[in-house]
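Heads up: the structure comes next, in structure tokens.
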Amino acid sequence: MTKAELVAKIAEKIGTSKAQAEASMNAILETIQEELAAGNKLTLTGFGTFSVSERKARTGRNPRTGTALNIPACKVAQFKPGKVLKDAVK
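Using our numbering, read the sequence shown as starting at 12 and increasing by one per residue.
What follows is the structure, encoded as structure tokens:
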């Protein structure tokens with residue numbers, strides 16, 4: 012499903028225009044992004060939890076040549092699905 016298809020489905024479900032549905036969805040996604048960028052955790056009860064974790068620096072290998080290379084430390088976004096979402100997917 013693409014973003015346009017999701018927007019159309021949301022607009023249909025709540026009975027608004029596609030423009031209003033897209034504005035709402037963009038606001039939600041921007042808010043999630045801002046919270047994660049600030050290092051905060053965001054929990055949507057029943058759906059899941061968005062969080063940020065830190066990966067330590069490590070040494071990796073180039074699969075073609077086998078040479079070692081340094082992979083720097085970084086922060087990554089994570090999502091852990093909630094019970095309701097897990098049950099719905101089963």
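Glycine included, each C-beta is placed from N, C-alpha and C at the ideal position.
| Contacting residues, own chain, Cβ-Cβ under 7 Å from Asn73 (five flanking each side not counted) | Translated into the one-based positions of the sequence shown, residue 73 becomes position 62. Taken in chain order, the residues that qualify are Leu80.
| query | Going by other Cβ atoms of all chains shown within 10 Å of its Cβ, with 16 needed for buried, is Ala38 buried or exposed? | reply | Counting from one through the sequence shown, the residue named residue 38 turns up at place 27. Counting other Cβ atoms within 10 Å of its Cβ, Ala38 stays below 16 and is therefore classed as exposed.
| Do Arg127 and Ala84 have their CB atoms nearer than 9 Å? | No statement about residue 127 is possible, as the shown extent of the chain runs from 12 to 101 and does not include it.
| field | Where Val100 falls, given that 16 or more other Cβ within 10 Å makes a residue buried | value | Within the sequence shown, the letter at position 89 stands for residue 100. Under this definition Val100 is an exposed residue.
| Gly50 versus Ser28: straight-line alpha-carbon distance, rounded | Sequence index remark: in the sequence shown, residue 50 carries index 39 (1-based). Sequence index remark: in the sequence shown, residue 28 carries index 17 (1-based). Put simply, the backbone Cα of Gly50 is about 34 Å away from that of Ser28.
| query | What does Ile25 pair with, by DSSP beta-bridge criteria? | reply | Here the question's residue 25 lines up with position 14 in the sequence shown. Residue pairing of Ile25 in beta bridges, as defined by DSSP: absent, with no partner found.
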